[in-house]
Amino acid sequence: MVTTPASPNIAYCGGYNEVYKTTDAGATWFSASSGLSGYYIYGLAVSASNGSIVYVGNNRGMYKTTSGGTSWANITNNLNMGQILSFANAPSSPSTIYTSFAEVGVFKTTNSGTNWVQLPTPVGCGNICEFAVAYNNPNIVYALEGSGGGNAELYRSTDGGSVWSNALDAYYADGGAMAIDPNNSSVIYTGGYVYNGSTYVMAVSKSTNGGTAWERDTLTIDYSICYALAIDRTNSNVVYAGGYNGYLFKTTNGGVNWTLSNSGISGTIYDIKVGSTKANTLYAGTSSGVFKSTNAGANWTNTGLSANVQAVLINPSNENEFYAATTAGIYKSTSGGGAWTLMNNGLFNTNTTSLGVYPNNWLFCGTNGAGMYRWSLQVGAEEIDAQNDIQKISLQVSPNPYRNHLVIIFQIPAQGVASSQYPVASIKIYDVTGRMVRDFSRSTVKGERSTIVWDGTDEAGRKLPSGIYFVRLEEGEFKKTEMVILLK
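Under full-length UniProt numbering, residues 1 to 488 are what the sequence shown spells out, in order.
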């Protein structure tokens with residue numbers, strides 16, 4: 001809830017799919033949501049100079065009203081914030097990435113996320129839960145709509161997402177997972193469920209002609225859904241399928257036969273990754289943590305991370321470096337799944353849903369409600385041990401939102417009494433794509449308590465566009481981030 005500085009009896013409160021307003025200090029409330037699209041309200045801010053100007057961030061972006069909530073307009077083009085359901089890059093053109101925002105649409109970048117364009121959404125499509133791009137052609141892309149209600153669809157584009165066509169038949173499994181054969185882009189697997197007359201059972205479908213025709217196998221006799229598929233790059237006849245209630249199956253003959261391969265694993269399996277050079281090494285992200293197998297799935301052990309894991313990722317440049325996206329943030333291991341550290345600084349929402357590594361060692365992360373983030377693995381991500389107390393530093397920004405000048409005040413406890421023992425910190429400004437737009441030199445921000453004024457310009461002195469930015473304080477192992485809104 002936020003109040004208006006000039007009129008303390010006026011306040012706004014965010015709820016599910018609604019913004020509520022009071023003009024009598026909370027005695028009565030009414031809806032002020034006309035033109036506001038989205039469900040989950042993540043933040044509210046009121047202009048310090050005009051109580052009728054209000055900003056709200058939700059699962060569909062950033063909205064603004066200049067009429068005290070009478071009407072709202074989206075000011076972020078739907079890309080800055082939202083629930084990232086999936087993204088995938090083109091192996092033959094790694095800078096090309098496809099992603100989707102829940103209830104917003106499909107987006108594409110050809111320069112590793114520096115710029116994005118919105119693509120036409122397939123007709124009749126709801127939320128894209130999975131993408132897969134052909135290994136030898138970045139313009140052939142499949143988009144799986146996982147409705148979860150028996151009406152899922154699979155779409156195919158052969159021109160980079162400009163035109164989409166339906167790619168399923170009666171033997172397609174209502175899906176939540178998809179994978180393309182790395183050695184034959186005409187071979188596609190989808191995983192999901194089918195109704196067997198009494199319950200929904202886990203199923204995997206296969207097409208050998210790019211989705212024109214399908215064959216289907218049911219893997220369980222009791223209730224389950226397939227959420228994860230993974231193909232061994234060194235032998236694409238080996239496929240793994242995981243899902244609800246700890247079910248994990250393996251085929252060694254391209255889906256002709258499937259065997260249960262879940263000894264030691266627990267929880268619902270949301271993601272599976274196979275080592276590119278160590279095909280016998282597998283990782284599975286589940287609702288009970290990260291599990292590892294070193295014998296091609298015959299046995300599994302918990303790696304020590306007990307969290308609800310939505311996605312897992314092996315760094316292709318270093319297979320001992322491993323990442324896990326959880327509902328509590330991003331965890332990293334440099335020992336192949338052990339000694340986990342948390343890297344959450346800079347994340348507006350730590351409920352993370354997807355991961356990817358792309359050119360120039362960019363680690364991409366999709367979130368449930370705060371859009372997409374990226375880290376440079378070359379210079380090191382913002383790692384802190386999960387037990388560290390990051391409250392030793394403070395960072396304040398005001399006013400927020402702002403138009404002309406943002407005052408940044410930060411304090412770091414001195415390490416000693418001499419001025420030479422004061423910590424040396426830096427302030428950096430990032431836009432929503434993760435690109436640093438302003439770096440305040442360390443030589444100008446020495447001292448236990450410092451103040452910086454940012455005029456909304458980049459390193460070259462150019463005025464930046466309105467939108468969301470992140471102010472990040474860094475000092476040694478300590479890092480702290482605040483989100484700000486720049487107005488015009």
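We treat Cβ as the ideally placed atom computed from N, Cα and C, and that holds for glycine.
query: Using CA coordinates, which residue listed in SER31, LEU260, VAL54 is at the minimum distance from LYS250?; result: LEU260
query: For ASP439 and TYR12, I'd like the C-alpha separation in whole angstroms.; result: 35 Å
query: Got a sec, what are the start and stop residues for the beta strand (DSSP E) residue 554 sits in?; result: As displayed, the chain neither begins before 1 nor continues past 488, which places residue 554 out of reach and without an answer.
query: From this set, ASN344, TYR20, VAL141, which residue's C-alpha is nearest PRO122's C-alpha?; result: VAL141
query: Under three-state DSSP, which class holds GLY161?; result: coil
query: Going by the CB atoms, is the gap between ILE429 and TYR373 shorter than 8 Å?; result: no
query: Might you give, ordered along the chain, the residues of its own chain that have their beta carbon closer than 6 Å to the beta carbon of ALA381, omitting 5 neighbours on each side?; result: Low per-residue confidence applies at ALA381: pLDDT is 35, beneath 50, and the placement is therefore not dependable, though the value from the model is reported in the following sentence. Result list for ALA381: MET343, TRP375, in chain order.
query: Can you list, in chain order, the residues of its chain whose CB lies under 8 Å from that of TYR223, leaving out five sequence neighbours each side?; result: THR199, TYR200, VAL201, TYR244, ASN245
query: What residues in its chain sit with their C-beta under 6 Å from that of LEU313, if we drop five residues either side in the sequence?; result: TYR323, LEU355
query: Could you check what DSSP says for GLY336 in three-state terms: helix, strand or coil?; result: coil
query: Pick out the complete alpha helix (DSSP H) segments inside the stretch 228–308, 4 residues or longer, and give them in chain order.; result: none
query: Mind listing, in chain order, the continuous beta strand (DSSP E) runs of no fewer than 3 residues lying wholly within the stretch 168–210?; result: 174–180, 188–195, 200–207
query: How would you call residue 555, buried or exposed, if buried means at least 16 neighbouring beta carbons within 10 angstroms?; result: It is not possible to answer for residue 555, since the shown part of the chain is limited to 1 through 488.
query: Could you tell me how far apart the beta carbons of ALA88 and ALA132 are, in whole angstroms, since I believe they sit closer than 8 Å?; result: 6 Å
query: Take the Cβ of PHE364 as the centre, count every other Cβ of all protein chains shown within 10 Å, and call the residue buried at 16 or more, exposed below.; result: buried
query: Taking the alpha-carbon positions, what's the GLY149 to TYR227 distance?; result: Per-residue confidence for GLY149 stands at a pLDDT of 42, beneath the threshold of 50, marking its modelled position as unreliable; the derived number appears in the next sentence. Each residue's Cα considered, the two are about 14 Å apart.
query: I want to see whether chain C comes within less than 8 Å of VAL238, judged by CB atoms only; does it?; result: The structure shown contains no chain C; it is built from a single protein chain.
query: What number of angstroms, rounded off, separates the C-alpha of TYR240 from the C-alpha of GLY191?; result: 10 Å
query: Measuring only the C-alpha atoms, how far is ILE409 from SER450?; result: 6 Å
query: Return yes when the Cβ of THR301 is within less than 8 Å of the Cβ of LYS292, no when it is not.; result: yes
query: Under three-state DSSP, which class holds ALA213?; result: coil
query: Assign ILE427 to buried or exposed, taking buried as 16 or more other Cβ atoms, counted over all protein chains shown, within 10 Å of its Cβ.; result: buried
query: Applying the criterion that 16 or more other CB atoms from any shown protein chain within 10 Å of the CB defines a buried residue, is ASP24 buried or exposed?; result: exposed
query: What separation, rounded to the nearest whole angstrom, lies between the Cα atoms of GLU145 and VAL56?; result: 28 Å
query: Looking only at its own chain, which residues have a Cβ that is under 7 Å from the Cβ of ASN257, when we skip the five neighbours before and after it?; result: THR251
query: Tell me, to the nearest whole angstrom, how far the beta carbon of LYS206 is from that of TYR189; I am working on the premise that it is less than 8 Å.; result: 5 Å
query: Does the distance from the C-beta atom of GLY366 to that of THR99 stay below 8 Å?; result: yes
query: Which whole-angstrom value is the C-beta distance of ALA179 and ILE231, which I expect to be below 8 Å?; result: 5 Å
query: Enumerate in chain order the residues of its own chain whose CB-to-CB distance from GLY337 is below 7 Å, with the five nearest sequence positions on each side excluded.; result: TYR283, VAL290, LYS292, THR303, PHE322
query: Counting only the same chain and skipping the five closest in sequence on each side, list residues whose C-beta sits under 6 Å from that of SER288.; result: SER266, GLY267
query: Count the other CB atoms, across all protein chains shown, that sit within 10 Å of the CB of VAL379; report buried if there are 16 or more and exposed otherwise.; result: The predicted position of VAL379 is uncertain, since its pLDDT is 43 and thus under 50; no value can be drawn from it.
query: Who does ARG438 pair with in a DSSP beta bridge?; result: ILE429
query: My guess is that VAL19 and SER33 are in contact by the Cβ rule of under 8 Å, so how many angstroms apart are they, rounded?; result: 5 Å
query: Check whether the Cβ atoms of TYR247 and ASN262 sit closer than 8 Å, and answer yes or no.; result: yes
query: Which term fits ASN78, buried or exposed, when burial requires 16 or more other beta carbons within 10 angstroms of its beta carbon?; result: In this prediction, ASN78 scores a pLDDT of 46, lower than 50, which makes its location untrustworthy; no coordinate-derived value is stated.
query: Considering only residues of the same chain and omitting the five flanking positions on each side of VAL274, which have a CB-CB separation below 6 Å?; result: ALA230, ASP232, LEU282
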